[in-house]
Amino acid sequence: MKEKIAKIGWKNIVLVVLAVLLVISASQLHTLRKEYKKVYSQNMELNSKMAELKEKNASLEAQIQSAGEMSSSDTDSASETDDTKDADSASNEDSKKNSDN
1 MKEKIAKIGW
11 KNIVLVVLAV
21 LLVISASQLH
31 TLRKEYKKVY
41 SQNMELNSKM
51 AELKEKNASL
61 EAQIQSAGEM
71 SSSDTDSASE
81 TDDTKDADSA
91 SNEDSKKNSD
101 N
């Protein structure tokens, strides 16, 4: 009879230990799920901020590019004006030489 009591006692102890381990594991899983949800939401926020920054970067690059095109067109028009002035002065010099002859 003492053997039956001893066997039942060990079985109960094993069941209690397994139940405690199960509760600890469930608690850890719950904690990990909460952390995962928190990290996931932070990741989504960062992704949306990154998308906004990419849009701003693209618009700023477009502004820089258009400003560069404007400055190059200003330079082109200035060089065209200089070429026109050079051609006008050359033709004026030619006409003076012809009138002198």
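For the sequence shown, the residue numbers in UniProt numbering are 1 to 101. Even glycine gets a Cβ: it sits at the ideal position worked out from N, Cα and C.
What does a CB cutoff of less than 8 angstroms around VAL17 pick up in its chain, not counting 5 residues either side in sequence? none
How many Å lie between LYS56 and SER66 at the Cα? 15 angstroms
Proximal residues to LYS37 (C-beta, below 8 angstroms), its chain only, five neighbours per side dropped: none
VAL39 versus THR31: straight-line alpha-carbon distance, rounded: 12 angstroms
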